[in-house]
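Asker: I'd like to ask some things about the structure below.
Protein chains in written order, with our numbering: chain A, 1117 to 1670; chain B, 1117 to 1670.
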């Protein structure tokens, strides 16, 4: 390898300072998660593809990193596959040649029913059935045969002669097409059964269902782990990034929404990131508005348009709504929404009049009022709670509260956190009626905000406190005795490993920002003292070991 | 999805207690790494395949998890590939038909030279050249055409007629075969360019080379991250597991070997895992022995056999050596090795006489003596350093010291740590002469040992300290005030979210091992006191809030 090595696009190396800063954020979040009674779980980096696929919509599915079945799997699968295709073609050929009234539909029913057992009985084909579902494979192969061979007269004609060479040609074609169609829903993903997790929510739902008998509900869990997305990398968007999630599953109590708002406040206050805005909305409010304007069937179109109010303004939003077929009458009913003003309470009052005829809308208002009253009583430390009826993130699965946190005013950054309630988190895995509510922290963005506002503690990048200069084997040996004792006292201490030139060693200490250097030369060795140099001030003193521990210890 | 969801074999979910125990071990290791002056880095979970492949031998390569190029890549690649093959077949057909003296070798040279540019000029084929090397693709396609079409007369004959249908058949065949050969070294891995890291050493080497200008050498780094191996899962062997590595690169000083031994001792002492044995050997000793018995070319065979001494005994080891062609005279020279007895010093003396004629062997002895003397001076806290000339792990890359740590006597467990010195860590990435030395901790095995010896701190599984029973909205609201204040004082506190039956709530507290329960009913609400129940003793007292904080705070 001649050229300098690199890493895949969208991924990152982190140096010591970056690791320290990232773990400062994660540890702060973790501490508050625990204080709020959340328990950690961890799930594997990759899940069975079944678990993930189809949970994030088509766009999401496309962004899931799939893992190739490893080792010799691909080769042995291919060997078996081509033999299997050959066998299928052979059977089809017999069927066509020997049955004057050959009926493709009848043949298909029979083939799909019997072929898996034929495969099981063959000695030269051995699929690992724990990995390959033979029923699905049969259907997939049949589908390809039908599409390719039977729809092309020339190819079909090749089956009329019992000829191994013809069969080989057809089999190879089908094999090629099989791979061509991989990823297509008509062909199962035989070469990949595992995929890197795309978020922490679906693995959490899977965890809850899988371990339901070991879990006490309501289950409050937190999870801080990386996720992977094959998104086009761009500034602030990576293909590997950490998510920090807390969720409760198994209770519909609105006290949980209240506590999540407190939790956001607690974390950002602990990070000294004061003045964040916690925006809240409720899916029921959006449903109510859609109902009132007679656009229940256009809920998504309507909220997508409304969500853009900040960006494109009232007129453009209305235009978009019109273009999506929302009536002029409906839009005029929305007018109060565009001019919604004042604090939480005032906005609620306006909403009450807009939504007076919608049962679900009024339910949403009731929920928001409960949460707002509780938070007013409990008081937030540094954050502000704000009602935002245009907030619609993750509409497709949130069913109640919707949260989003924005950075303090003046910082140009998207949301630094978000979440909401979903009434049926675990239904996708067969466990019904499990209401869940959760929030997430955007680690990378929080990092950028803390960096921009210079809020990382100054001591964060401090690593080694003191380094002992190496003047040769004897001196170094004596130094290592002292270093050992300092380490036992918890002081981060090092010995420069080689008896290099003094200047080189001092430069090393300098560049690594090590604040203290100890020099033990022949003279110090004799008198048992240590010359301690403060690298910032340049001062140097000779001290006894006990003084050394005192000066360098915490 | 009807059946209960599961996770891929060889992977694990971790519940709260397991996460806590694992992070106790990792935090302990991390703390000592830092005290010893190591700095954290983190690298991406997946690397470019180039970076990993070919670094772990054939067996290792097979165990690397490869990531499928995601999203629409496969489909667009296939569409382009089949058009490309078709174009190539078209060109070959013209060549064969129009040139009476068609010379396949001449055609090949020309084709390989010109085809990449033809591909670049075609409008209907668009490869992403940042992902696909067209020169390699051309060679791979040509190789498949030559193997399939040109070696079969019937297929070759199809080229003699200029017929699109024939071409489609041939192209599909080649396409099928292309996939059949995937993973074969003759066909580049077009469908996968990334792979999950297999260990932390190769990514570290890559990191050092890539960031060499930002790094101060000697560079002491630690890294605690998961790695993935497609190994057959079995008891204690997983497909995803954490490695905890510390390495220094850029110095040959033996003080580093000394410090790594101290580091092992410090970590295991901090974990209260007393009595571990740190075994040490030196590759130079093994080279010296091989030299003395005239088996330099059989160094690996010889050490593999010697390594089994503990398991299969002296006679069987000798038998294996004979079978590998080591002479009787050589084996007899080894006799003192089999009976090597006594402490470090005595063994060294025996080795000196065995190795007196081997320069490299004596160098190895010198190194071991330096290390042993230093450790004797510095003293270990709870571990024992032991010379083990049969220790040969990772022989293929270690060049100096070799370490392995075994659990205290009586615990049946393989090595719980290992490491060594490698003279050319970064050479594989083009940075020469960088000596490195490092050690690793086996997290999963250490976990099992601590579990077996009951060494995890009793408090480790403690999560929530107190839960407030929910008697209804008003009481709950008052409780949440108290819970909020407790949390601000750092107490892990919860409010049961629903006004469920008392028994259900108490059961919940019980099953979750929450040690204290607070009950605030109507009466307590009026008088402003809290009924605090100790779940272990069953005792219950009414206390003021200040007493609550005092009793529950740390």
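Glycine is no exception: its CB is placed at the ideal position from the N, C-alpha and C atoms.
Please read these numbers as outputs of a predicted model, since none were measured by experiment.
What distance in whole Å lies between the Cβ atoms of residue 1648 of chain B and residue 1659 of chain B, which are believed to be in contact at a cut-off of 8 Å?
Answerer: Under the criterion of beta carbons closer than 8 Å, residue 1659 of chain B and residue 1648 of chain B qualify as touching, at roughly 5 Å.
Asker: Nearest-angstrom Cα distance between residue 1495 of chain B and residue 1309 of chain B?
Answerer: 49 Å
Asker: With a 10 Å radius around its C-beta and 16 neighbouring C-beta atoms as the bar for buried, classify residue 1550 of chain B as buried or exposed.
Answerer: buried
Asker: Are at least three pairs of beta-carbons, each pair with one atom in the stretch 1379–1397 of chain A and one in the stretch 1493–1508 of chain A, less than 8 Å apart?
Answerer: They touch, by the three-pair rule.
Asker: Measure the alpha-carbon distance for residue 1138 of chain B versus residue 1529 of chain B and round it to whole angstroms.
Answerer: 18 Å
Asker: Checking contacts by CB at 8 Å: is residue 1183 of chain B closer than that to chain A?
Answerer: yes
Asker: CA-CA distance, residue 1553 of chain B and residue 1473 of chain B?
Answerer: Across the structure, residue 1553 of chain B and residue 1473 of chain B are spaced so that their CA atoms are roughly 28 Å apart.
Asker: Between the C-alpha atoms of residue 1329 of chain A and residue 1579 of chain B, what's the straight-line distance to the nearest angstrom?
Answerer: 20 Å
Asker: Ignore the nearest five residues each way along the sequence and tell me which others in residue 1634 of chain A's own chain have a CB closer than 8 Å to its CB.
Answerer: Excluding residues within five positions, the ones whose Cβ falls inside 8 Å are 1582, 1583, 1584, 1585, 1595, 1598, 1646, 1647, 1648, 1649 and 1664.
Asker: Going by other Cβ atoms of all chains shown within 10 Å of its Cβ, with 16 needed for buried, is residue 1674 of chain B buried or exposed?
Answerer: Limits of chain B in this structure are 1117 at one end and 1670 at the other, which puts residue 1674 of chain B out of reach.
Asker: Give the residues from the stretch 1473–1505 of chain A that approach chain B closer than 9 Å (Cβ to any Cβ), ordered along the chain.
Answerer: Listed by position, the residues of the stretch 1473–1505 of chain A near chain B (Cβ gap below 9 Å) are 1486, 1489, 1490, 1493, 1494, 1495 and 1497.
Asker: Using 8 Å as the threshold, is the C-beta distance between residue 1258 of chain A and residue 1214 of chain A below it?
Answerer: no
Asker: Compute the beta-carbon to beta-carbon distance between residue 1157 of chain A and residue 1129 of chain B, rounded to the nearest angstrom, for a pair I have assumed lies under 8 Å.
Answerer: 7 Å
Asker: Note the first and the last residue of the continuous beta strand (DSSP E) segment covering residue 1166 of chain B.
Answerer: Taken as a continuous stretch (DSSP letters only), residue 1166 of chain B belongs to no beta strand (DSSP E), being part of the alpha helix (DSSP H) at 1165–1168.
Asker: Can you find a CB in chain A that lies within less than 8 Å of the CB of residue 1334 of chain B?
Answerer: Taking CB atoms only, residue 1334 of chain B has a neighbour in chain A less than 8 Å away.
Asker: Name the chain B residues that come within less than 9 Å of residue 1327 of chain A, Cβ to Cβ?
Answerer: 1129 and 1131
Asker: Let me confirm a value: residue 1590 of chain B is counted as buried when at least 16 other C-beta atoms fall within 10 Å, else exposed. Which label applies?
Answerer: exposed
Asker: When you compare each of A:1492, A:1446 and A:1485 to residue 1470 of chain A by their alpha carbons, which one comes out closest?
Answerer: A:1446
Asker: Would you give the residue range spanned by the alpha helix (DSSP H) that residue 1137 of chain B belongs to?
Answerer: 1132–1151
Asker: By Cβ distance below 6 Å, which residues in the same chain neighbour residue 1532 of chain B in space, the five residues on each side in sequence not counted?
Answerer: 1521, 1523, 1558, 1561 and 1562.
Asker: Spatial neighbours of residue 1631 of chain A within its chain, please: CB distance less than 6 Å, with the 5 preceding and 5 following residues excluded, ordered by chain position.
Answerer: 1651
Asker: Cα separation between residue 1273 of chain A and residue 1185 of chain A?
Answerer: 37 Å
Asker: Who pairs with residue 1556 of chain B in a beta bridge, going by DSSP?
Answerer: B:1361 and B:1534
Asker: With 7 Å as the limit, tell me which residues of the stretch 1618–1630 of chain A have their beta carbon closer than that to any beta carbon of chain B; keep them in chain order.
Answerer: 1624, 1627 and 1628
Asker: Does any CB atom of chain A fall closer than 8 Å to the CB of residue 1580 of chain B?
Answerer: yes
Asker: Based on the DSSP output, what are the partners of residue 1522 of chain B in its beta bridges?
Answerer: B:1393 and B:1531
Asker: Should the stretch 1320–1328 of chain B be called in touch with the stretch 1533–1543 of chain B, which here means at least 3 C-beta pairs below 8 Å?
Answerer: Taking 8 Å as the limit for Cβ pairs, the verdict is that the stretch 1533–1543 of chain B does touch the stretch 1320–1328 of chain B.
Asker: Taking only beta-carbon positions, decide if residue 1276 of chain A is within less than 8 Å of chain B.
Answerer: no
Asker: Indicate the three-state DSSP secondary structure (helix, strand or coil) for residue 1281 of chain A in the structure shown.
Answerer: Three-state result, residue 1281 of chain A: helix.
Asker: Look at the alpha carbon of residue 1399 of chain A and the alpha carbon of residue 1236 of chain A, and state the distance between them as a whole number of angstroms.
Answerer: 52 Å
Asker: Compute the Euclidean distance between the alpha carbons of residue 1217 of chain B and residue 1282 of chain A, then round it to the nearest angstrom.
Answerer: So the alpha carbons of these two residues sit roughly 30 Å apart.
Asker: In angstroms, rounded to a whole number, what distance separates the CA positions of residue 1117 of chain B and residue 1220 of chain A?
Answerer: Confidence is the limiting factor: at residue 1117 of chain B the pLDDT is only 46, short of 50, which leaves the residue's position unreliable, though a coordinate-based value still follows. Answer to the nearest angstrom: the Cα atoms are 32 Å apart.
Asker: With DSSP run on the structure shown, which of helix, strand or coil describes residue 1583 of chain B?
Answerer: strand
Asker: Helix, strand or coil, according to DSSP, for residue 1646 of chain A in the structure here?
Answerer: strand
Asker: Taking its Cβ as the centre, do 16 or more other Cβ atoms sit within 10 Å of residue 1455 of chain B, making it buried, or is it exposed?
Answerer: exposed
Asker: Considering only residues of the same chain and omitting the five flanking positions on each side of residue 1367 of chain B, which have a CB-CB separation below 6 Å?
Answerer: 1334
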